[in-house]
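Sequential numbering from 1214 applies to the sequence shown in the working numbering. Every residue, glycine too, gets a C-beta built ideally from N, C-alpha and C. All values reported here derive from a predicted model rather than from experimental measurement.
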Amino acid sequence: MTLFDEIHEFQKDYKRLNKKYRSLPEDFERLKQALLVSPIPSDKHTTVLTEQGPYQIIKVRMACRALKQSSLRVIYAYEEQKATFTFIELYFKGDKPSQDDERIRSFLKERLSQD
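Right, here's the structure in full:
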């Protein structure tokens, strides 16, 4: 059974961007369905940022119909043993040039101390 989870900061990102990009709920659902088929897509739109313990932190470009020619970035942690996805960050590259490395470190520190 595959589980999707979100950290609190991701929920805030989602809520903020949903106000700007009305197609976000459908686009995000489409991403989730794609991840079920291929948890770590091997294409030019995906980058494995780091692997620590059971977690692989992945950055993927997510098509957003409201953006037309551009896309959003989603950072998520994939834990293969449990088949779980935890969404960490969602951002528009035009607003922010790169992922929040501190948020990723904080997520990993918290999760690895629980395991």
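Unbroken beta strand (DSSP E) run spanning ASP1240, endpoints: From DSSP, ASP1240 is part of no beta strand (DSSP E) but of the alpha helix (DSSP H) over 1237–1250.
Element boundaries [beta strand (DSSP E), containing GLN1312]: Careful: GLN1312 lies outside any beta strand (DSSP E) and carries neither H nor E.
LEU1303 versus VAL1287 - alpha carbon distance: 5 angstroms
Interface flag, THR1297 vs chain C, CB-CB below 8 angstroms: You won't find chain C in this structure, because it holds only one protein chain.
Proximity winner among LEU1216, ILE1270, TYR1268 and LEU1285, relative to ALA1276 (alpha-carbon distances): LEU1285
Same chain, Cβ closer than 7 angstroms to ARG1243, five either side skipped, listed in chain order: none
Rounded Cβ spacing between PHE1223 and PHE1300 (contact assumed at less than 8 angstroms): 5 angstroms
Through-space distance from LYS1295 to GLN1252, alpha-carbon basis: As written in the sequence, residue 1252 is Pro, which differs from the Gln given in the question. When rounded, the distance between both Cα atoms is 12 angstroms.
CA-to-CA distance, PHE1298 to ALA1279, given in whole angstroms: 25 angstroms
Under 8 angstroms between C-beta atoms of SER1283 and GLY1307: yes
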